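Trainee: Structure provided below as structure tokens; questions to follow.
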Amino acid sequence: MAKYHITTRINGDDVEFLCAPEQTLLDVLRDDLRLTGSKEGCASGDCGACSVTIDGRLVCSCLVLAAEVGGQEIETIEGMADGDRLHPLQQKFLDFAALQCGVCTPGFLIAAKALLDRNSNPSETEVRYWLAGNLCRCTGYDKIVRAVLDTAADMRD
Amino acid sequence: MARIVLTGNLQLHTEGVSELELDVNTIRQLMRQLSTRYPGLPADFEDEVAVSIDGTIYQDDWFAEIAPDSEVHLLPRIGGG
Amino acid sequence: MTDSNKTPSGNGTGNGKDYKWVGTRAVRPDGVDKVTGRAKFGADLHLPNMLVGKVLRSPHAHAHIRSIDTSAAEALSGVKAVITRDDFSDQPKGAVQPAGEMTINYRDMVRNVMAREKALYEGHAIAAVAAVDARIAAKALSLIKVDFEVLPHVIDPVAAMESGAPIIQEDLMTEGMEQSPGAMTNIAKRVEFGHGDVAVGFAEADVVIEREFTTQPVHQAYIEPHACVASMTEDGQGELWLSTQGHYVARGHCATLLGLDVSKLRVQASEIGGGFGGKTVVYLEPLALALSRKACQPVKMAMTREEVFRATGPTSGAHLWVKVGATNDGRITAADAVLKYQAGAFPGSPVAQGAQCAFAPYELNHVRTIGYDILVNRAKVAAYRAPGAPIAEYATESVMDEIAGVIGMDPLEFRLKNAPKQGSQSSYGPKFPVIGCIETLEAARDHDHYQSPLKAGQGRGVATGYWFNIGGQTSATLNLSEDGSVALVLGTVDVGGTRASLSMMAAEELGIDLDKVRPMIGDTSALGYNMLTGGSRVTFAGGIAVVGAAQDLIGTLKDRAAKFWDIPVDDVEWAEGEARATNGYTDNMQPLSLQEIAKDMAKTGGPIVGAHSINAQGAGPSFGTHVVDVDVDRETGRVWVTRYTVVQDAGKAIHPSYVEGQYQGGAVQGIGWALNEEYIYDDKGRLENAGFLDYRVPVCSDVPMIDTVIVEVANPTHPYGVRGVGETPIVPPMAAISNALANALGIRFTDLPMSPPRVLAAIKAANGDATTAS
Ligand code: FES
Ligand code: FES
Chain A
206 MAKYHITTRI
216 NGDDVEFLCA
226 PEQTLLDVLR
236 DDLRLTGSKE
246 GCASGDCGAC
256 SVTIDGRLVC
266 SCLVLAAEVG
276 GQEIETIEGM
286 ADGDRLHPLQ
296 QKFLDFAALQ
306 CGVCTPGFLI
316 AAKALLDRNS
326 NPSETEVRYW
336 LAGNLCRCTG
346 YDKIVRAVLD
356 TAADMRD
Chain B
453 MARIVLTGNL
463 QLHTEGVSEL
473 ELDVNTIRQL
483 MRQLSTRYPG
493 LPADFEDEVA
503 VSIDGTIYQD
513 DWFAEIAPDS
523 EVHLLPRIGG
533 G
Chain C
16 MTDSNKTPSG
26 NGTGNGKDYK
36 WVGTRAVRPD
46 GVDKVTGRAK
56 FGADLHLPNM
66 LVGKVLRSPH
76 AHAHIRSIDT
86 SAAEALSGVK
96 AVITRDDFSD
106 QPKGAVQPAG
116 EMTINYRDMV
126 RNVMAREKAL
136 YEGHAIAAVA
146 AVDARIAAKA
156 LSLIKVDFEV
166 LPHVIDPVAA
176 MESGAPIIQE
186 DLMTEGMEQS
196 PGAMTNIAKR
206 VEFGHGDVAV
216 GFAEADVVIE
226 REFTTQPVHQ
236 AYIEPHACVA
246 SMTEDGQGEL
256 WLSTQGHYVA
266 RGHCATLLGL
276 DVSKLRVQAS
286 EIGGGFGGKT
296 VVYLEPLALA
306 LSRKACQPVK
316 MAMTREEVFR
326 ATGPTSGAHL
336 WVKVGATNDG
346 RITAADAVLK
356 YQAGAFPGSP
366 VAQGAQCAFA
376 PYELNHVRTI
386 GYDILVNRAK
396 VAAYRAPGAP
406 IAEYATESVM
416 DEIAGVIGMD
426 PLEFRLKNAP
436 KQGSQSSYGP
446 KFPVIGCIET
456 LEAARDHDHY
466 QSPLKAGQGR
476 GVATGYWFNI
486 GGQTSATLNL
496 SEDGSVALVL
506 GTVDVGGTRA
516 SLSMMAAEEL
526 GIDLDKVRPM
536 IGDTSALGYN
546 MLTGGSRVTF
556 AGGIAVVGAA
566 QDLIGTLKDR
576 AAKFWDIPVD
586 DVEWAEGEAR
596 ATNGYTDNMQ
606 PLSLQEIAKD
616 MAKTGGPIVG
626 AHSINAQGAG
636 PSFGTHVVDV
646 DVDRETGRVW
656 VTRYTVVQDA
666 GKAIHPSYVE
676 GQYQGGAVQG
686 IGWALNEEYI
696 YDDKGRLENA
706 GFLDYRVPVC
716 SDVPMIDTVI
726 VEVANPTHPY
736 GVRGVGETPI
746 VPPMAAISNA
756 LANALGIRFT
766 DLPMSPPRVL
776 AAIKAANGDA
786 TTAS
């Protein structure tokens, strides 16, 4: 079966790949480009472990067809730190122990960054509803929410 | 003589006895004496039990010591999540 | 960051000292990998020439498998191997072997990983294929022809006990019960615990309450589905990479099922994306190894979320009967319970542990608990956090709350009046060692949450939970590097911060900086045996192993220093990361730091290694008490948890943040179990909600902050006083929330989950609207 040739940008780099029509962006990221930081928890848009941004928009990469992303700007967890400087959210997640197993963490970080990019002063309720598409089974969310609120406060200063 | 209490459903293999006194110094001696006294106990019964000696729980520890006045309970083996 | 968390001081060996690392909130050593996407989980490994494996699963809850025709699948281009029941030798009958935490019946296990005579539940594996890509593997599955003879099925445990119920395992004999020869049954086991005479106790009671409850199966719902990569070579050696709570245990299971020498299989645990008990067993791994053995290529297998729900262990659903008697002044005179737990298609529900824990938070003269382990047509249960205890204690703690209400006593004072302490006879037999039941109850009672007024319409509930915790086989090694830094090799999978807690104990013992200790989880060839991460055992048993390894290392360091100074080793002490000469030698002998000894270790005798292997005993049991406030939307039946506090005895919190994390995570899983989560089957025994959309685990906007109080009553069998903490937090929530709902609505719920339709129906029924109540 013919494959599509896609040219796009991922974490600031030009990337080309071939994909089958039914392959999702998550499949291509993980299996072809070996960017395995985005996780598959459900493949149905329910867990957020595969969260990435496309042109700044937060999406579940398991719900995006790879063939659709030509010419767009994709950000994944692999691009979140700036060289050897962790993004403030990444550092805060460490300081606040906002992860246990860590499999949900890339998705939460991408989603939280998308929130803070839009709203530098979210309320606890806003954080909770924004992150409601990301499942964490380990932490009970408490430390994640605190980490996001505290990062927002730091970044405002 | 240590006081031995059998719980769970072990007494079905011990002619209904669920409490007895035995002269044993270790869990291994306890297991041997029980098997000898009650041939109805399954061959691998000791793999299915935990042993509490005076409230401290042991699993798979033949040489844990049993004092003459110890109270010993045989419980179902404990696993976890 | 967690101002609300008080840490009352304990009374044992581990407390009252100033530690440099123990008790701090250090950043975990594996943290950066996990916030940057570097950490490799089960599905993140890619090997050259790797195939993709997929499983064909039974669409029927119960069916004979007359034949399986794989010829068309095998003929498909790109298919490299197809396996069925014929690729696994049967295991001897009746043989159980100790393996991991429990004894294992490998005859059952070989049937669970691949159906033989019958498909016993929807999702039961029938065949598996390995192909060059996922699309071809899926196509190959569709070409496999299975001739099923569909049989009647049963899911409900009470229905499964009735005579005439469909029989799941024709040769099953009930353990622990007389059974007439030739009779067939689904009752795998009966157990009984207790002491005294409940009839005598009930005769002394002023108030007796008797209730029946049901719970539904709930899944561990770890976010990472099961995944592995297996690679067998032509000479019969193999490597396995998998997401597991115990790679040594997985190695043993796989070697047995494949007929391999255990040491021929090298197993590496990936990072694990949650387990909660559900990754203590094997499902895909023996299949991947068998496929790889046939294809002589590496095979990756990963479950879909739907497969996780259908084919891997949720915990039991249950039917529970509880009767409690008390005097008007609040003394419990008798407690009695009968627990019927679903085992799934093979024996092994956690009913014995449920029966033991059911009344553990009480000191009782007359108590009895009876448990039944019942086969039904659903996936075999797997452990789920304090296996068995949450189900039993949901029912018993509901009745305790009700009886306290009837006699007009505060529910925490009622519990305090009947609480066990060191030396009390437990409800399951032995006397308790040092425990913190009273301390946690008092801390809950005195907490601001319990003292604060409720808003109109809200309700408050409390419940106490108990769990044993375990120890077990554990090995650890400290390898000293030439610059004085130390590699800590562990064999226990890190599910949520144990690299941190174990490194902290190593640094504390050695007197060095935490960042000089680099922990790693070795593969099965790197260390002696390690039991799995489960039973809340790793910080306890692993801590003992690490402290032992550090002491072993220090012994060698002192020995080298003694040689260097040419003095007796007894005149050398180790303190603050250096060897010091004692006994009058100090003038001309400067202390030797770890770095200095390390630099010269070649000249003083060679590599310096500290190792320790143990079978840890005497795990400290843990009590927790939860306080919860709820609000109920009277229009929809939706229950909102508005405030939640977990109070639990940790013995000693090595890393308080990760202890709090266990409390918070367990509480939220319990909120899900109480309010939403359940397996829903259609009339053919097929799961109707095998996805996160319909099997709804709590999301961030469902829950409030979870306050925590770490009580520390030191466990005397651990050098720092540690008790396990990971499991007890899931025990109290279901009863605490049910009790809060009763407080809010004046309605007692006896069925889980307390989902909106059920709550709404109950509200309407209470208001006299009989048409919608059910
Ligand atoms: S994997 Fe995409 S939302 Fe779950
Ligand atoms: S930390 Fe494990 S799922 Fe969030």
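Chains A, B and C are the protein sequences, given in the same order. Residue numbers for the first sequence follow our numbering, so the first one is 206 and each next one is one higher. Residue numbers for the second sequence follow our numbering, so the first one is 453 and each next one is one higher. Residue numbers for the third sequence follow our numbering, so the first one is 16 and each next one is one higher. Using N, Cα and C, we set each Cβ at its ideal position, and we do this for glycine too. Model, not experiment: these values are computed from the prediction.
In this structure, how does DSSP classify B:D506 when only helix, strand and coil are distinguished?
Mentor: For the purposes of this step, residue 506 of chain B is taken as residue 54 along the second sequence, with counting starting at 1. The three-state reading of DSSP puts B:D506 in coil, since its state is none of H, G, I, E or B.
Trainee: Since C:I559 and C:P734 should fall inside the 8 angstroms C-beta cutoff, what is the C-beta to C-beta distance between them, to a whole number of angstroms?
Mentor: Stepping through the third sequence from its first residue, residue 559 of chain C is reached at position 544. Stepping through the third sequence from its first residue, residue 734 of chain C is reached at position 719. Confirmed, about 7 angstroms.
Trainee: Over the uninterrupted beta strand (DSSP E) stretch that includes C:A245, give me the two end residues.
Mentor: In the third sequence, counting from the first residue as 1, residue 245 of chain C sits at position 230. From DSSP, the beta strand (DSSP E) with C:A245 extends over A242 to M247.
Trainee: Whose Cβ in chain A lies nearer than 7 angstroms to the Cβ of C:T319?
Mentor: Within the third sequence, the letter at position 304 stands for residue 319 of chain C. The answer, in chain order, is A248.
Trainee: From B:Y490, B:E498 and B:V503, pick the residue whose C-alpha is nearest to that of C:K446; which is it?
Mentor: Your numbering for residue 446 of chain C matches position 431 in the third sequence. Residue B:V503 is the option with its Cα nearest to C:K446.
Trainee: Give a yes or no on whether the C-beta atoms belonging to C:A478 and C:A750 are separated by under 9 angstroms.
Mentor: Residue numbering aside, residue 478 of chain C sits at position 463 when the third sequence is read from its first letter. Residue numbering aside, residue 750 of chain C sits at position 735 when the third sequence is read from its first letter. For C:A478 and C:A750, yes; Cβs fall inside 9 angstroms.
Trainee: Do C:A149 and C:K95 count as a contact pair if the criterion is CB distance below 9 angstroms?
Mentor: The residue labelled residue 95 of chain C in the question sits at position 80 within the third sequence. The residue labelled residue 149 of chain C in the question sits at position 134 within the third sequence. Between C:K95 and C:A149, the CB-CB gap reaches or exceeds 9 angstroms.
Trainee: With a threshold of 8 angstroms, establish whether the CB of A:C252 neighbours any heavy atom of ligand 1.
Mentor: Walking along the first sequence from the start, residue 252 of chain A turns up at place 47. In this structure, ligand 1 has a non-hydrogen atom nearer than 8 angstroms to the beta-carbon of A:C252.
Trainee: Under 9 angstroms, CB to CB, which of the residues in the segment 550-563 of chain C have a partner in chain B?
Mentor: Cβ contacts with chain B: G550, S551 and R552.
Trainee: Let me check one thing: in DSSP terms, what residues is C:S516 bridge-paired to?
Mentor: As a position in the third sequence, residue 516 of chain C is number 501, starting the count at 1. For C:S516, which the question treats as bridged, DSSP gives no partner whatsoever.
Trainee: Beta carbon of C:K309, beta carbon of C:V147: below 9 angstroms?
Mentor: Here residue 309 of chain C corresponds to residue number 294 of the third sequence, with the count starting at 1. Here residue 147 of chain C corresponds to residue number 132 of the third sequence, with the count starting at 1. No. Outside cutoff.
Trainee: Kindly indicate if chain B contains any beta-carbon less than 9 angstroms away from that of C:A617.
Mentor: Within the third sequence, numbered from 1, the residue matching residue 617 of chain C stands at position 602. Chain B contact via Cβ: absent.
Trainee: Please classify A:V264 as buried or exposed, where buried requires at least 16 other C-beta atoms within 10 Å of its C-beta.
Mentor: Locating residue 264 of chain A in the first sequence gives position 59, counting from the first residue. The residue is buried, with at least 16 neighbouring Cβ atoms inside 10 Å.
Trainee: Report yes if the C-beta of A:S249 is less than 8 angstroms from at least one heavy atom of ligand 1; otherwise report no.
Mentor: In the first sequence, residue 249 of chain A corresponds to position 44, counting from 1. Checking every heavy atom of ligand 1 against the Cβ of A:S249, one is found closer than 8 angstroms.
Trainee: For ligand 2, which residues count as neighbours when the test is a C-beta closer than 5 angstroms to any heavy atom?
Mentor: In chain order, the hits are A:L304, A:Q305, A:C306, A:C309, A:C341, A:R342, A:C343, C:I238 and C:G289.
Trainee: Hey, would you say C:P402 sits closer than 9 angstroms to B:G460, going by beta carbons?
Mentor: Numbered from its first residue, the third sequence carries residue 402 of chain C at position 387. Numbered from its first residue, the second sequence carries residue 460 of chain B at position 8. Result no, Cβ atoms of C:P402 and B:G460 do not sit closer than 9 angstroms.
Trainee: Just to confirm my understanding: we take C:P6, look at its own chain, exclude 5 residues before and 5 after, and list those with CB closer than 6 angstroms. What are they?
Mentor: Given that chain C is displayed from residue 16 to residue 789, the structure contains no residue 6 of chain C and the question cannot be resolved.
Trainee: Using a 10 Å radius around the Cβ and a threshold of 16 neighbouring Cβ atoms, would you call C:N484 buried or exposed?
Mentor: Residue 484 of chain C sits at position 469 when you count from the first residue of the third sequence. Counting Cβ neighbours within 10 Å, C:N484 comes out buried, since at least 16 surround it.
Trainee: In whole angstroms, what separates the C-alpha of B:S487 from that of B:P494?
Mentor: Position 35 of the second sequence, counting from 1, holds the residue named residue 487 of chain B. Position 42 of the second sequence, counting from 1, holds the residue named residue 494 of chain B. Those two C-alpha atoms are separated by around 8 angstroms.
Trainee: Shortest alpha-carbon distance to C:Q184 belongs to which of C:L379, C:A360 and C:V662?
Mentor: Counted from its first residue, the third sequence places residue 184 of chain C at position 169. It is C:A360.
Trainee: Using only the heavy atoms of ligand 1, determine whether one of them is closer than 8 angstroms to the beta carbon of C:S518.
Mentor: Against the third sequence, residue 518 of chain C aligns to sequence position 503. Every heavy atom of ligand 1 is 8 angstroms or more from the Cβ of C:S518, so no.
Trainee: Strictly below 8 angstroms CB to CB, what residues from chain A border C:L529?
Mentor: Taking the first residue of the third sequence as position 1, residue 529 of chain C is located at position 514. Per Cβ cutoff of 8 angstroms: no residues; C:L529 is ~14 angstroms from chain A at best.
Trainee: Sorted by chain position, which residues of the same chain lie with C-beta nearer than 7 angstroms to C:P771's C-beta, five sequence neighbours on each side aside?
Mentor: Along the third sequence, one-based indexing puts residue 771 of chain C at 756. Answer for C:P771: T651, G652 and R653, listed in chain order.
Trainee: Rounded to the nearest angstrom, what separates C:V803 and C:E742 at their Cα positions?
Mentor: Any answer about residue 803 of chain C is impossible in this case: the structure gives chain C only from 16 up to 789.
Trainee: Since C:I151 contacts C:D84 with CB under 8 angstroms, what's their CB separation in whole angstroms?
Mentor: By 1-based counting over the third sequence, the position of residue 151 of chain C is 136. By 1-based counting over the third sequence, the position of residue 84 of chain C is 69. 18 angstroms between Cβ atoms; not a contact.
Trainee: Look at C:R122 and C:L135 and say whether their C-beta atoms are less than 9 angstroms apart.
Mentor: Within the third sequence, the letter at position 107 stands for residue 122 of chain C. Within the third sequence, the letter at position 120 stands for residue 135 of chain C. No.
Trainee: Which runs of the alpha helix (DSSP H) at least 4 residues long sit entirely within the segment 226-303 of chain A? Give them in chain order.
Mentor: 293-300
Trainee: So does A:L291 have its beta carbon nearer than 8 angstroms to some heavy atom of ligand 1?
Mentor: For the purposes of this step, residue 291 of chain A is identified with residue 86 of the first sequence, where counting begins at 1. No.
Trainee: Is there a C-beta anywhere in chain A that falls below 9 angstroms from the one on C:G38?
Mentor: One-based indexing of the third sequence puts residue 38 of chain C at position 23. So no, C:G38 is outside the interface.
Trainee: Could you check the C-alpha separation between C:M520 and C:A565 for me, to the nearest Å?
Mentor: Taking the first residue of the third sequence as 1, we reach residue 520 of chain C at position 505. Taking the first residue of the third sequence as 1, we reach residue 565 of chain C at position 550. For C:M520 and C:A565, the distance between alpha carbons rounds to 9 angstroms.
Trainee: Listing by chain order, which chain A residues have their CB less than 9 angstroms from the CB of C:D33?
Mentor: Here residue 33 of chain C refers to the residue found at position 18 when the third sequence is read from its first residue. The contacting residues do not exist; C:D33 stays about 22 angstroms from chain A at best.
Trainee: Figure out for me which residue from A:G307, A:P311 and A:A303 has the closest Cα to the Cα of A:A286.
Mentor: Counting from one through the first sequence, the residue named residue 286 of chain A turns up at place 81. Among A:G307, A:P311 and A:A303, the Cα nearest to that of A:A286 is on A:P311.
Trainee: How many Å lie between B:H525 and C:D722 at the Cα?
Mentor: Start at 1 with the first residue of the second sequence, and residue 525 of chain B comes out as number 73. Start at 1 with the first residue of the third sequence, and residue 722 of chain C comes out as number 707. Going by the C-alpha atoms only, they are around 37 angstroms apart.
Trainee: Straight-line CA distance for C:G480 to C:M415?
Mentor: Here the question's residue 480 of chain C lines up with position 465 in the third sequence. Here the question's residue 415 of chain C lines up with position 400 in the third sequence. Cα to Cα, the separation comes out at about 12 angstroms.
Trainee: With 9 angstroms as the limit, tell me which residues of the segment 273-304 of chain C have their beta carbon closer than that to any beta carbon of chain B; keep them in chain order.
Mentor: Listed in sequence order: G290, F291, G292, G293 and T295.
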